[in-house]
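Under this note's numbering, think of the first position of the sequence shown as 40, with each following residue one higher.
Cβ atoms here follow ideal geometry from the backbone N, Cα and C, with glycine treated the same way.
For reference, the structure is listed below as structure tokens.
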Amino acid sequence: MKKTASPARSAAEVRRSDREWRRVLTPEQFKVTRKGGTERAFTGAYWAHKEDGTYLCVCCGQALFESSDKFDSGTGWPSFTRPAAEEHVGEKDDRSFFMRRTEVVCSRCDAHLGHVFPDGPGPGGLRYCVNSVALDFEAGE
């Protein structure tokens, strides 16, 4: 069973020290969400997940993506066409590994989620490529 931080009860920002994050996250969750790591493709719990519900930030519990916006991108990571709410996902310029990409982060706790690319389906044309380990899941009713 994965370790998950207690969900925040308000929209207030969640800030913790690395020491505090290490106490509530698994080593892999910490590496990805707090240090900008990436899980290996086709290994995460949610890349082929089909259940209806909401994907939450594993660090603070904020709703990030809805299952109705999830699609199979063939990349091995969960992919979504849009966030559950625009204000729940922030963007940062990422120039690591000699590339220029757009990093996506949780707006409440600044957790690294993955990246967004302009090659998705639908009217928005976006693909939010997210690490499973950065997510928790709440089944729909």
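Residue 131: first and last residue of the uninterrupted beta strand (DSSP E) it sits in: Stepping through the sequence shown from its first residue, residue 131 is reached at position 92. Per DSSP, residue 131 belongs to the beta strand (DSSP E) from 128-133.
Among 114, 125 and 133, the one whose alpha carbon lies nearest that of residue 85: Counting from 1 along the sequence shown, the entry for residue 85 is found at position 46. Nearest C-alpha to residue 85: 114.
Is it the case that the Cβ atoms of residue 172 and residue 83 are separated by a distance below 8 Å? Here residue 172 corresponds to residue number 133 of the sequence shown, with the count starting at 1. Here residue 83 corresponds to residue number 44 of the sequence shown, with the count starting at 1. Yes, these two residues count as a Cβ contact at 8 Å.
For the pair the region 141-156 and the region 117-132, tell me if three or more CB-CB distances fall below 8 Å. By the C-beta criterion, the region 141-156 is judged to be in contact with the region 117-132, since at least 3 inter-stretch pairs fall below 8 Å.
Rounded C-beta distance between residue 119 and residue 104? I'm assuming under 8 Å. Reading the sequence shown from its first residue, position 80 is the one you call residue 119. Reading the sequence shown from its first residue, position 65 is the one you call residue 104. About 4 Å separates the two Cβ atoms, so the contact holds.
Determine the direct distance from the alpha carbon of residue 112 to that of residue 54, and round the result to whole angstroms. Taking the first residue of the sequence shown as position 1, residue 54 is located at position 15. Taking the first residue of the sequence shown as position 1, residue 112 is located at position 73. Approximately 32 Å between the Cα atoms of the pair.
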